[in-house]
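Position in the sequence shown (from 1) plus 5 gives the number in the numbering used here. We put the beta carbon where it would ideally sit given N, CA and C, even for glycine. Every value quoted in this text rests on a predicted model; they were computed, and no experiment measured them. Here is the structure we will look at.
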Amino acid sequence: MLERCPWKLISSPRNIPARSFLNSRGTYLVLRKSNILPLQHILRFSNFASKQCFPLRNGNNSASKALWNNKSKEKEPLNTSVKLASDVPDDKNVTGQMIVKDMLQYIWPKGKTNLKVRVVSALALLVAAKILNVQVPFYFKSIIDTMNTTLVQEVGALWSTVGAVVLGYGFARIFSTVFQELRNSVFAIVSQSAIRSVSSNVYQHLLNLDMNFHLSKQTGSITRAMDRGTKGISFILSSMVLHIIPITLEIAMVSGILTYKYGPSFSAIAATTVALYALFTVRTTSWRTVFRRQANAADSKASAAAIESLINYEAVKTFNNESYEMSRYEKHLSAYEKANVKVASSLAFLNSGQAIIFSTALTLMMYMGCRGIVTSNLTVGDLVMINQLVFQLSIPLNFLGSVYREMRQAFTDMEQLFSLKRINIQVKEAPDARDLVLKGGSIQFDNVHFSYNPNRPILNGCSFNIPAGAKVAFVGASGCGKSTILRLLFRFYDTDSGKILIDNQRLDQITLNSLRKAIGVVPQDTPLFNDTILYNIGYGNPKASNDEIVEAAKKAKIHDIIESFPEGYQTKVGERGLMISGGEKQRLAVSRLLLKNPEILFFDEATSALDTNTERALLRNINDLIKGSHKTSVFIAHRLRTIKDCDIIFVLEKGRVVEQGSHEQLMAKNSVYTSMWHSQESPFGESNKSGDA
């Protein structure tokens, strides 16, 4: 559930409906212009990344306020019978500040002292490495200045002066590198722990989202968003400790040394270089981000198209549409290629500009250093030190450029992932929800109204009572709401109005876990995993033993068929069970239901894919189980012969129960059920016999 997730993005009330997982209009979040002082911008880079890279929405805009205040419970009309999630946010509404705030929670996690110790240790090693690193130019200066004196003419003086300085230089270089690598090693556990937590939380949230979300989204796009997002999280986490803080510290130290040792002229050039470099990098990277978003959108669409066509491989082959699917895939790949070419070209422009800025600064400083030597204000050692400091400044500047580029890319990749996290769960447990207490399994619908689409109501004042332990059936034309009753009973959706009760307990006051444990279903289209038959049957009860799984298969009349396979229960069923027949899939579903052993049983066209003999045998077996256990059982059927022996048959028409009774009671009068029965039996001659009589 959303409440269990440590992420805090959902606390924001500013959620708006989104038409699609990706913004189809192409209007993505872009960087706003900023007049932050250049040097302050660098020294506060971490804060800038969170507040400026993705600025907050303008709260003073009355039009935008009206949009945010427009309650997102309005449901967007669709041409399909799928109710969309009303609070699906656009990825552009996820700000960098939100992302950085959440990432800090994973760097400094609550209740995990060992991880906090590692963070502190990594920071300490970072500071030590940078202090040693900035000592290197001082050693260079000392070596050069010493070598220019007469002391080196004496061997003893050479070892006592130059030797000591060289050893100090080597010590600083070695331990600076060692501390950096130790820092990386110490922080690796923090980073990997955070990635695992984020991935787990996102996956849990996706599993807890409503059915309307999963029916309206492309699985390929979601998996690609998760893949890119977790990689982006990995980079952001490492960048905060391994790059941003070191860059800020090193720039501050080098700038301070230049100012203290060589005066304001050198520090002015350094500050101007940093400012121009940062400004150029930020502006250019902001411009490039649009291309990256276009590439991500095309990548998601290409992935979704490929996964859809591979999942529906049989349909592609049946209609001979390989060329059509290739053209769809190529279309998205072409868009991805064009966007990536723009990404690469703009990167070349960015790198060239950065090189020009830095090389110009280096040339100016070297010129000023040479003038200082000519005027005897500086030594040759000073010139070497200035050169070393400038190059030392280039390292964090180069990292600044690459890290900022990668951070922007990571933020872009994470937008969709964080948008998933902000989708509200519509079907929620009440704060005071209690576990379902079964007293036989009676079911009551009281004036229930429901629609997937406001323009197309499905249930319209539907009311009925199912006694505990009864065997009942729902019949009616396609689209009259038979399967919807099952979805509402499972609480995949909530009713628009009216009440649903099980043993006089309202569904909205029952915990979802206890409710769904109490109900089992054999659906029309049996969902199977690409795993073994043993695994798929055992999915009904993961704690069941192999013997219990085999016993369930025997009761469902599929054990002998499984044993006839070369690999028996270890036979793989293929993607969505495509490697076995439709009848075998339904019998596996019945086995799974029997293994779960719920108190309320639903059979949604459970025998529609079986031949007549197998259907009769399976129905006899199911009836024996029902009679022996006194479980409430509900059958949804089009073939009326299969539900002839039900205690109560409910006839649905236009979303409400128009008739109810046993088969004999309904046939005794001129009813809708009678017409349905005769229309089905007429091909076999029974209708004519009835008419002759």
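Original post:
If we ignore side chains and look at the alpha-carbon of each, how far apart do residue 630 and residue 432 end up?
Top reply: Residue 630 sits at position 625 when you count from the first residue of the sequence shown. Residue 432 sits at position 427 when you count from the first residue of the sequence shown. Rounded to the nearest angstrom, the two C-alpha atoms are 33 Å apart.
Original post:
Roughly how many angstroms separate the alpha carbons of residue 686 and residue 420, rounded to a whole number?
Top reply: Here the question's residue 686 lines up with position 681 in the sequence shown. Here the question's residue 420 lines up with position 415 in the sequence shown. C-alpha separation (whole angstroms): 58 Å.
Subject >> Span separating the alpha-carbon of residue 632 from that of residue 317 >> reply: Position 627 of the sequence shown, counting from 1, holds the residue named residue 632. Position 312 of the sequence shown, counting from 1, holds the residue named residue 317. Rounded to the nearest angstrom, the two C-alpha atoms are 40 Å apart.
**OP:** Using beta-carbon positions only, say whether residue 449 and residue 465 come within less than 8 Å of one another.
**Re:** As a working note, residue 449 is residue 444 in the sequence shown. As a working note, residue 465 is residue 460 in the sequence shown. Against a cut-off of 8 Å, the Cβ pair of residue 465 and residue 449 comes out as no contact.
**OP:** Along the alpha helix (DSSP H) that carries residue 442, what are the first and last residues, could you check?
**Re:** As a first step, residue 442 must be located in the sequence shown, where it is residue number 437. Residue 442 -> no alpha helix (DSSP H), and no H or E assigned at all.
Original post:
DSSP state of residue 459, grouped into three classes?
Top reply: As a first step, residue 459 is located in the sequence shown; it is residue number 454 there, counting from the start. Coil at residue 459, not helix or strand.
Subject >> Proximity to residue 227 [Cα-Cα], best of 537, 239, 237, 208 >> reply: On the sequence shown, residue 227 is found 222 positions in, with the first residue counted as 1. Comparing Cα positions, the closest option is 208.
Subject >> CA nearest to the CA of residue 389, picked from 403, 402, 374 >> reply: Position 384 of the sequence shown, counting from 1, holds the residue named residue 389. Considering only alpha carbons, the answer is 374.
**OP:** With DSSP as the reference, label residue 343 as helix, strand or coil.
**Re:** In the sequence shown, the residue the question calls residue 343 occupies position 338. Three-state result, residue 343: helix.
**OP:** Name the one or two DSSP bridge partners that residue 658 has.
**Re:** Within the sequence shown, residue 658 is the residue found at index 653, counting from 1. Answer is 661, bridged to residue 658.
Original post:
Do you know offhand how far residue 512's Cα is from residue 667's?
Top reply: Numbered from 1 along the sequence shown, position 507 holds the residue referred to as residue 512. Numbered from 1 along the sequence shown, position 662 holds the residue referred to as residue 667. The alpha-carbon atoms of residue 512 and residue 667 are separated by roughly 27 Å.
**OP:** Under 6 Å Cβ to Cβ from residue 499, same chain only, skipping five residues before and after it: list those, please.
**Re:** Residue 499 sits at position 494 when you count from the first residue of the sequence shown. Excluding positions up to five away in sequence, the list reads 432.
**OP:** Could you check what DSSP says for residue 48 in three-state terms: helix, strand or coil?
**Re:** Taking the first residue of the sequence shown as position 1, residue 48 is located at position 43. Model confidence at residue 48 stands at a pLDDT of 30, short of 50, so the residue's coordinates are unreliable; what they give is reported in the following sentence. Note: residue 48 maps to helix in three-state DSSP.
**OP:** Determine the burial state of residue 260: buried for a count of at least 16 other Cβ atoms within 10 Å of its Cβ, exposed for fewer.
**Re:** Mapped onto the sequence shown, residue 260 falls at position 255. Residue burial annotation: residue 260 is buried, with at least 16 other C-beta atoms found within 10 angstroms of its C-beta.
Original post:
What number of angstroms, rounded off, separates the C-alpha of residue 453 from the C-alpha of residue 493?
Top reply: Along the sequence shown, one-based indexing puts residue 453 at 448. Along the sequence shown, one-based indexing puts residue 493 at 488. Between residue 453 and residue 493, the C-alpha separation is close to 10 Å.
Original post:
Does the beta-carbon distance from residue 606 to residue 639 come in below 8 Å?
Top reply: Walking along the sequence shown from the start, residue 606 turns up at place 601. Walking along the sequence shown from the start, residue 639 turns up at place 634. Cβ atoms of residue 606 and residue 639: closer than 8 Å.
Subject >> Pair within 8 Å by beta-carbon distance, residue 403 and residue 371 >> reply: Here residue 403 refers to the residue found at position 398 of the sequence shown. Here residue 371 refers to the residue found at position 366 of the sequence shown. No, the pair does not count as a contact, with Cβ atoms beyond the cut-off.
Original post:
Does the beta-carbon of residue 568 have 16 or more other beta-carbons within 10 angstroms, so that it is buried, or is it exposed?
Top reply: Along the sequence shown, one-based indexing puts residue 568 at 563. Counting C-beta atoms within 10 angstroms of its own C-beta, residue 568 has fewer than 16 neighbours from the protein chains shown and is therefore classed as exposed.
Original post:
From which residue to which residue does the alpha helix (DSSP H) around residue 202 run?
Top reply: Here the question's residue 202 lines up with position 197 in the sequence shown. For residue 202, the enclosing alpha helix (DSSP H) stretches over residues 168-213.
Original post:
Going by other Cβ atoms of all chains shown within 10 Å of its Cβ, with 16 needed for buried, is residue 335 buried or exposed?
Top reply: Counted from its first residue, the sequence shown places residue 335 at position 330. It counts as exposed.
Original post:
Does the Cβ of residue 261 lie closer than 7 Å to at least one heavy atom of the ligand MG?
Top reply: This structure lacks the ligand MG, and indeed carries no ligand of any kind.
**OP:** With DSSP as the reference, label residue 238 as helix, strand or coil.
**Re:** Along the sequence shown, one-based indexing puts residue 238 at 233. Helix.
Original post:
Any idea if residue 293 is buried or exposed, counting beta-carbon neighbours within 10 angstroms, 16 or more meaning buried?
Top reply: Here residue 293 corresponds to residue number 288 of the sequence shown, with the count starting at 1. That one is buried.
Subject >> Residue of 412, 358, 647 minimising C-alpha distance to residue 611 >> reply: Counted from its first residue, the sequence shown places residue 611 at position 606. Among 412, 358, 647, the Cα nearest to that of residue 611 belongs to 647.
**OP:** Look at residue 561 and residue 595 and say whether their C-beta atoms are less than 8 Å apart.
**Re:** As a first step, residue 561 must be located in the sequence shown, where it is residue number 556. As a first step, residue 595 must be located in the sequence shown, where it is residue number 590. Yes.
**OP:** Classify residue 511 as helix, strand or coil using the three-state DSSP reduction.
**Re:** Residue 511 sits at position 506 when you count from the first residue of the sequence shown. Here residue 511 sits in strand by DSSP.
**OP:** Inspect the beta-carbon positions of residue 114 and residue 397 and report whether they are closer than 8 Å.
**Re:** Translated into positions along the sequence shown, residue 114 becomes position 109. Translated into positions along the sequence shown, residue 397 becomes position 392. Result no, Cβ atoms of residue 114 and residue 397 do not sit closer than 8 Å.
Original post:
For residue 519, which option in 380, 582, 440 has the closest C-alpha, if you only look at C-alpha atoms?
Top reply: Within the sequence shown, residue 519 is the residue found at index 514, counting from 1. It is 440.
**OP:** Identify the continuous beta strand (DSSP E) that holds residue 527 and give its terminal residues.
**Re:** Numbered from its first residue, the sequence shown carries residue 527 at position 522. Segment 524-527, the beta strand (DSSP E) holding residue 527.
Original post:
Mind checking whether residue 597 and residue 542 have CB atoms under 8 Å apart?
Top reply: For the purposes of this step, residue 597 is taken as residue 592 along the sequence shown, with counting starting at 1. For the purposes of this step, residue 542 is taken as residue 537 along the sequence shown, with counting starting at 1. Yes, the pair counts as a contact, with Cβ atoms nearer than the cut-off.
**OP:** Please report the Cβ distance between residue 446 and residue 481, rounded to the nearest whole angstrom; I am assuming they are in contact, meaning their Cβ atoms lie under 8 Å.
**Re:** Taking the first residue of the sequence shown as 1, we reach residue 446 at position 441. Taking the first residue of the sequence shown as 1, we reach residue 481 at position 476. Contact doesn't hold; Cβ gap of about 23 Å is too wide.
**OP:** Within its chain, find whatever has a CB closer than 6 Å to the CB of residue 237; leave out the 5 residues flanking it on each side and keep chain order.
**Re:** The count along the sequence shown starts at 1 and reaches residue 237 at position 232. Taken in chain order, the residues that qualify are 415, 418, 419.
Subject >> The alpha helix (DSSP H) enclosing residue 304, as first and last residue numbers >> reply: As a first step, residue 304 must be located in the sequence shown, where it is residue number 299. Note, residue 304: alpha helix (DSSP H), 269-316.
Original post:
How far does the alpha helix (DSSP H) with residue 1 in it reach, from first residue to last?
Top reply: The chain is shown from 6 up to 698; residue 1 falls before or after that span and cannot be answered.
Original post:
Can you tell me where the alpha helix (DSSP H) with residue 479 in it begins and where it stops?
Top reply: Sequence index remark: in the sequence shown, residue 479 carries index 474 (1-based). Annotation: residue 479 is outside any alpha helix (DSSP H); the continuous beta strand (DSSP E) that includes it extends over 476-480.
Subject >> Those residues which DSSP pairs with residue 465 across a bridge >> reply: The residue given as residue 465 occupies position 460 in the sequence shown. The partner list for residue 465 (beta bridge, DSSP) reads 454.
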